[in-house]
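Per the UniProt record's numbering, the sequence shown runs over residues 1 to 133. Let me begin by presenting the structure, written as structure tokens, before commenting on it.
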Amino acid sequence: MSQKPVLILDEALPTGLKANFAAVLGMSLGQLRPDLVGAATTTQDGQVLGGITTVALPVLGASAADLPTLFAAAAGLPLRLAYMRAAFEARDYADYSARIAAAPLAGHAPQAILLAGPRKAVDRICGSLPLVR
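The following block contains the structure:
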């Protein structure tokens, strides 16, 4: 892959929410870039295991205050996804969609973001961030 994907999570979130938000954004990445998911693999005893990612996907941490700035800095990247607070607060997808439509982008608070683009461009945006703990 000529592009580097990274996940950036609010470092203050509880571990369970970090895992959930990363999984949600990973599903979105898989939908948008199915070429990043490898073929199913069969075990020696014939059990088929579904494909997993074929690229490294670092999971980084940032402060909640920095996430909107990082998301904005990634506007020119080919892929930019966000798990907004509205998703966490919504009862279902229709409620989420209505909440998103009710405010401009600046009115939404990202809890996690996924960026992908040329390695140098991605590193310029988030290269100094630590791995999430």
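Even for Gly, the Cβ is constructed at its ideal location relative to N, Cα and C.
Give me whichever residues DSSP pairs with residue i in a beta bridge.
| i | result |
| --- | --- |
| Thr42 | Val48 |
| Ala62 | Asp10 |
| Val37 | Thr53 |
| Leu115 | Val6 and Arg80 |
| Leu129 | Note: Leu129 sits in no beta bridge, so no partner. |
Quick one: is residue i buried, meaning 16 or more other Cβ sit within 10 Å of its Cβ, or exposed?
| i | result |
| --- | --- |
| Asp123 | exposed |
| Met1 | Low local confidence applies: a pLDDT of 46 at Met1 is under 50, so the model's placement there is unreliable, with the coordinate-based value given in what follows. Burial call: exposed. |
| Lys120 | exposed |
| Gly117 | buried |
| Pro130 | exposed |
| Ala101 | exposed |
| Lys4 | buried |
| Leu70 | buried |
If I follow the unbroken alpha helix (DSSP H) through residue i, where does it start and stop?
| i | result |
| --- | --- |
| Gly16 | Thr15 to Leu32 |
| Val122 | Arg119 to Cys126 |
Answer yes or no: the CB of residue i versus the heavy atoms of the ligand GTP, is any distance below 7 angstroms?
| i | result |
| --- | --- |
| Ala102 | Absence of the ligand GTP from the depicted structure is noted, as is the absence of any ligand whatsoever, leaving it without description. |
With distances taken between CB atoms, is the gap from residue i to residue j smaller than 8 angstroms?
| i | j | result |
| --- | --- | --- |
| Leu49 | Ile8 | no |
| Leu79 | Pro110 | no |
| Leu81 | Leu57 | no |
| Leu25 | Leu36 | no |
Open item on the list: Quick check for students: name the residue ranges of the beta strand (DSSP E) that lie wholly in the region 64-111, counting only runs of 3 or more.
Closed with: List check, beta strand (DSSP E) in window: 79-84.
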